[in-house]
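Chains as they are written, first to last, in my numbering: chain A, 1 to 286; chain B, 1001 to 1286.
Here a beta-carbon is modelled for each residue, glycine too, at the ideal position from N, C-alpha and C.
Structure, as structure tokens:
2 protein chains.
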Amino acid sequence: MKTPVNLTVGGRFRMLLAYDGTDFAGWAKQPGLRTVQSELLKEMQVIFGKTKDDFGMRVAGRTDAGVHADAQVIHVDLSDAQVKRIGRSTDVAGRLTALLPDDIHIYTFERAPEGFDARFSATSRRYIYRIADGQSHKAPKLARYALYFARPLDVAKMDEAAQALLGLNDFGAFCKQRDGATTIRDLKKIKVSRTGGANGIIEVELTADAFCHNMCRSIVGALIKVGDGKFVRGNLTALLKSAKRAHGYKTVEPHGLTLMEITYPVNSKLASQALLAKDTRSLDDN
Amino acid sequence: MKTPVNLTVGGRFRMLLAYDGTDFAGWAKQPGLRTVQSELLKEMQVIFGKTKDDFGMRVAGRTDAGVHADAQVIHVDLSDAQVKRIGRSTDVAGRLTALLPDDIHIYTFERAPEGFDARFSATSRRYIYRIADGQSHKAPKLARYALYFARPLDVAKMDEAAQALLGLNDFGAFCKQRDGATTIRDLKKIKVSRTGGANGIIEVELTADAFCHNMCRSIVGALIKVGDGKFVRGNLTALLKSAKRAHGYKTVEPHGLTLMEITYPVNSKLASQALLAKDTRSLDDN
Chain A
1 MKTPVNLTVG GRFRMLLAYD GTDFAGWAKQ PGLRTVQSEL LKEMQVIFGK
51 TKDDFGMRVA GRTDAGVHAD AQVIHVDLSD AQVKRIGRST DVAGRLTALL
101 PDDIHIYTFE RAPEGFDARF SATSRRYIYR IADGQSHKAP KLARYALYFA
151 RPLDVAKMDE AAQALLGLND FGAFCKQRDG ATTIRDLKKI KVSRTGGANG
201 IIEVELTADA FCHNMCRSIV GALIKVGDGK FVRGNLTALL KSAKRAHGYK
251 TVEPHGLTLM EITYPVNSKL ASQALLAKDT RSLDDN
Chain B
1001 MKTPVNLTVG GRFRMLLAYD GTDFAGWAKQ PGLRTVQSEL LKEMQVIFGK
1051 TKDDFGMRVA GRTDAGVHAD AQVIHVDLSD AQVKRIGRST DVAGRLTALL
1101 PDDIHIYTFE RAPEGFDARF SATSRRYIYR IADGQSHKAP KLARYALYFA
1151 RPLDVAKMDE AAQALLGLND FGAFCKQRDG ATTIRDLKKI KVSRTGGANG
1201 IIEVELTADA FCHNMCRSIV GALIKVGDGK FVRGNLTALL KSAKRAHGYK
1251 TVEPHGLTLM EITYPVNSKL ASQALLAKDT RSLDDN
């Protein structure tokens, strides 16, 4: 998955990467904290030289502390001089991965197509939240990546109720509000299933154009109440209708959540999609 | 997987457990170090009271620092007074798991059948060593559980050469020698395969009556040389024949190794199997 970058002129570059979120205080650079972006910026400066503008880095899915990413996308803007520093060893992804700690892996580093913006060109984000319930075989190797829930959950009921949230809705009830930011999102798919047999873990898969802050984890918290027999589909409908942050359920812990995929349109639509998204969501989370 | 233990009399108990070896200095209790046994003894004393003899604990597979266990077996000998402390909440496995850190999980705690010895009654141990080679999709979540090897390995050649090691042999070439300990072991099965498609990881599965110290990791080190085109089957045969620790290959890192299974005979043979094994291997590793 390593793409050579035989270039001498600057421009926008696209990177595909993954990280184990356990030991990071989230994606975004924060003073004094170990974050994915800080680690990445540190090692990028080994290759491209010091930067004052963080290479104009922008991320598709700004994950919280503890959240993992199997396939995160970012872009950076490099000057001619920075690109020239790549030199003859053009496997930038491999070089960065070698410099980075084991909990970050860079898959590709390649010139971005015209009009590409990692955040604003994206048309959808897909996340999976993993739960080991009373019925799941629990294993220490799983504890970092799945929520442990003591009682068995009714997966069929969770999946049925979840469909009440589908479509373009105001997810205010499931979002940490930010001033001036819309909480209207298009939930394109939501699926709850038990994977790998009767003792397998539960996966909640969520795909939306974008997610507001805490949205995945709030929805999963409400769905767990359904699976545990304490909510029915009507509760979700009522929550959605109220569009106000409620306290009847928990926002679940971050470590069960993994960003799985970012989707982009065909190259000819990258720029127009970016304009559209920037217009409606520039103040929001992703 | 929780077995109630409604008992008031002492005796031998058998436990099935798992751990993520990453943050442990191995199984065995060692002063000042975080080991699986130390953590377990600490929490067992919460339930059973202080002990001076470590509850006579004995383990089936004494794993090294960094080695994981998906299914480890141990036994403990408890007095009447200790057993009485279990009280009415008989889910000892669940109580211990709740007390223990997330990287240890106790599946069962049950009275052992007559003649059972976790270590000496065992007839075989099965381990899997995982390798992410140049062809594998590498992921940060995998880095704790698989060895990273930069070049692609020829799995078919590894599997073919590995069969040269099968059977009852002196594995002196693949063992860290200990005075007075035999290095004769019966390697019952060895299989090298790539799992989960062309970009999957490589698994080396090894089953033997018992393994001497470093045996799995030494064999895997030699097999990697085969897969990398630097050894052929004949090199393994020659090593085996020499029965002397050689330096032509690496003992691979521990984090790729997981203890998968311990096998015991039918209950009527537990005691005789224990006598047999104790006779030949009391000074050895497992």
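{"Check": "DSSP bridge partner residues for K1189 (chain B) (one or two, in chain order)", "Outcome": "B:T1207"}
{"Check": "Those residues which DSSP pairs with H1105 (chain B) across a bridge", "Outcome": "B:A1018"}
{"Check": "Chain B contact for I104 (chain A) (CB, 8 Å cutoff)", "Outcome": "yes"}
{"Check": "Per-residue DSSP class, three states only, for T263 (chain A)", "Outcome": "strand"}
{"Check": "Option in A:L257, A:T182 and A:P265 with minimal Cα separation from Y19 (chain A)", "Outcome": "A:L257"}
{"Check": "8 Å CB neighbourhood of L100 (chain A) in its chain, flanking five on each side removed", "Outcome": "E39, L40, E43 and I106"}
{"Check": "Where Q72 (chain A) sits in the DSSP three-state scheme", "Outcome": "strand"}
{"Check": "Which of helix, strand or coil DSSP assigns to N169 (chain A)", "Outcome": "strand"}
{"Check": "When A:G197, A:I74 and A:L142 are compared against D1102 (chain B), the one with the closest alpha-carbon", "Outcome": "A:L142"}
{"Check": "Per-residue DSSP class, three states only, for F1013 (chain B)", "Outcome": "strand"}
{"Check": "Length of the line joining the Cα atoms of T1097 (chain B) and H1068 (chain B)", "Outcome": "17 Å"}
{"Check": "Alpha carbon of K1002 (chain B) to alpha carbon of G1221 (chain B), nearest angstrom", "Outcome": "Residue confidence for K1002 (chain B) is low, a pLDDT of 48 falling below 50, so the modelled location carries little weight; the figure read from the coordinates is stated next. Their backbone Cα atoms lie some 38 Å apart in a straight line."}
{"Check": "Backbone secondary structure at V1220 (chain B) - three-state DSSP", "Outcome": "helix"}
{"Check": "Boundaries of the beta strand (DSSP E) in which I1201 (chain B) is found, first to last residue", "Outcome": "Counting along the chain, I1201 (chain B) falls outside any beta strand (DSSP E), and DSSP gives it neither H nor E."}
{"Check": "At least three beta-carbon pairs within less than 8 Å, the segment 224–237 of chain A to the segment 263–270 of chain A", "Outcome": "no"}
{"Check": "Length of the line joining the Cα atoms of K189 (chain A) and G172 (chain A)", "Outcome": "18 Å"}
{"Check": "Contacts around I1219 (chain B), its chain only, beta-carbon distance under 6 Å, and the 5 residues preceding and following it disregarded", "Outcome": "F1174"}
{"Check": "Under 7 Å (Cβ pairs) to chain B, residues found in the segment 126–149 of chain A", "Outcome": "K138, A139, P140, K141, A143 and Y145"}
{"Check": "For R34 (chain A), three-class secondary structure by DSSP", "Outcome": "coil"}
{"Check": "Rounded C-alpha distance that separates G115 (chain A) from R12 (chain A)", "Outcome": "9 Å"}
{"Check": "Beta carbon proximity, D1070 (chain B) to chain A, threshold 8 Å", "Outcome": "yes"}
{"Check": "For A118 (chain A), three-class secondary structure by DSSP", "Outcome": "coil"}
{"Check": "Chain-ordered neighbours of D20 (chain A) on chain B, where CB pairs are closer than 7 Å", "Outcome": "P1140 and K1141"}
{"Check": "A1210 (chain B), buried or exposed, once every other Cβ within 10 Å from all chains shown has been counted against 16", "Outcome": "buried"}
{"Check": "Exposure of A198 (chain A), with buried meaning 16 or more beta-carbon neighbours within 10 Å", "Outcome": "exposed"}
{"Check": "Close beta carbons around I1184 (chain B), own chain, < 6 Å, minus the five adjacent residues each side", "Outcome": "D1170"}
{"Check": "Assumed close pair S121 (chain A), A274 (chain A) - CB separation to whole angstroms, cut-off 8 Å", "Outcome": "5 Å"}
{"Check": "Spatially closest choice to R245 (chain A) from A:E253, A:R111, A:N214 and A:K225, by CA coordinates", "Outcome": "A:N214"}
{"Check": "Residue burial classification, G1087 (chain B) (beta-carbon count within 10 angstroms, cutoff 16)", "Outcome": "exposed"}
{"Check": "Environment of D70 (chain A) [buried if 16+ CB atoms lie within 10 Å]", "Outcome": "buried"}
{"Check": "Proximal residues to L165 (chain A) (C-beta, below 7 Å), its chain only, five neighbours per side dropped", "Outcome": "L187, I190, I219, L236 and L240"}
{"Check": "Same chain, Cβ closer than 8 Å to G1010 (chain B), five either side skipped, listed in chain order", "Outcome": "D1077, L1078, S1079, D1080, A1081, Q1082 and V1083"}
{"Check": "Cα-Cα separation, P152 (chain A) to I1131 (chain B)", "Outcome": "34 Å"}
{"Check": "Contact under 8 Å by Cβ, H75 (chain A) with A118 (chain A)", "Outcome": "yes"}
{"Check": "C-beta neighbour in chain B for T280 (chain A), strict 8 Å", "Outcome": "no"}
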